[in-house]
Amino acid sequence: MNKPVTVRLPAQLLGEIGRLARREGTNKGTMVRELMEEAVHARRTAAVLKDYREGRLSEGEACRELRLDRWDFLTLLSERNLDRNVALEDALNARSLSAGRPGDRYR
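Next comes the structure, spelled out in structure tokens:
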């Protein structure tokens with residue numbers, strides 16, 4: 085359920101919102117809602133990625149917070165040129181765990 089909110093915006097910003105709304109064939113109220121949703125999503129994504137980069141969130145926790153599966157999360161990291169947070173010991177352990185599995189000899 086939508087709830088009304090009163091917000092004061094600079095005239096220039098409100099004008100830009102109006103122009104965007106007309107260009108997309110919608111009204112200012114709908115445009116403001118869409119822009120707010122995009123901004124909240126972008127801010128949440130940035131915060132989660134920051135926490136992940138700084139080691140406060142695991143890969144799984146970041147996936148859950150962003151509602152992404154592992155592959156989409158890895159794609160997001162790649163798009164942002166961010167590295168995975170994997171300790172060398174974990175990477176070596178994962179590699180040793182896969183030893184002896186069918187198909188490994190082709191790697």
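All residue numbers for the sequence shown refer to the numbering used here, where the first residue is 85 and numbers rise by one.
Ideal Cβ placement from N, Cα and C applies to all residues, glycine included.
Self-check item: Terminal residues of the alpha helix (DSSP H) in which LEU158 lies
Solution: The residue you call residue 158 lines up with position 74 of the sequence shown. Bounds of the alpha helix (DSSP H) holding LEU158 are 154–163.
Exercise. Using the Cα positions of ALA126 and MET120, report the straight-line distance between them to the nearest angstrom.
Key: In the sequence shown, counting from the first residue as 1, residue 126 sits at position 42. In the sequence shown, counting from the first residue as 1, residue 120 sits at position 36. C-alpha separation (whole angstroms): 10 Å.
Quiz item: What residue does the alpha helix (DSSP H) around ARG127 start on, and which one ends it?
Solution: What you label residue 127 is simply residue 43 of the sequence shown in a count that begins at 1. First-last of the alpha helix (DSSP H) with ARG127: 112–137.
Quiz prompt | CA nearest to the CA of ARG128, picked from PRO88, LEU150, ASP156 and ASN169 | solution = One-based indexing of the sequence shown puts residue 128 at position 44. Nearest option by C-alpha distance: LEU150.
Self-check item: The alpha helix (DSSP H) enclosing GLU143, as first and last residue numbers
Solution: One-based indexing of the sequence shown puts residue 143 at position 59. Taken as a continuous stretch (DSSP letters only), the alpha helix (DSSP H) holding GLU143 covers 143–150.
Quiz item: Alpha carbon to alpha carbon, what distance is there between LEU93 and ALA105?
Solution: Within the sequence shown, numbered from 1, the residue matching residue 105 stands at position 21. Within the sequence shown, numbered from 1, the residue matching residue 93 stands at position 9. Their backbone Cα atoms lie some 16 Å apart in a straight line.
Quiz item: Rounded to a whole number of angstroms, what is the C-alpha to C-alpha distance between ALA131 and GLU118?
Solution: In the sequence shown, residue 131 corresponds to position 47, counting from 1. In the sequence shown, residue 118 corresponds to position 34, counting from 1. If you take the alpha carbons of ALA131 and GLU118, they lie about 20 Å apart.
Quiz item: Around the C-beta of ALA146, are 16 or more other C-beta atoms found within 10 angstroms, so that it is buried, or is it exposed?
Solution: Within the sequence shown, residue 146 is the residue found at index 62, counting from 1. Label assigned to ALA146: buried.
Quiz item: How would you call LEU133, buried or exposed, if buried means at least 16 neighbouring beta carbons within 10 angstroms?
Solution: For this step, residue 133 is matched to residue 49 along the sequence shown. Classification for LEU133: buried.
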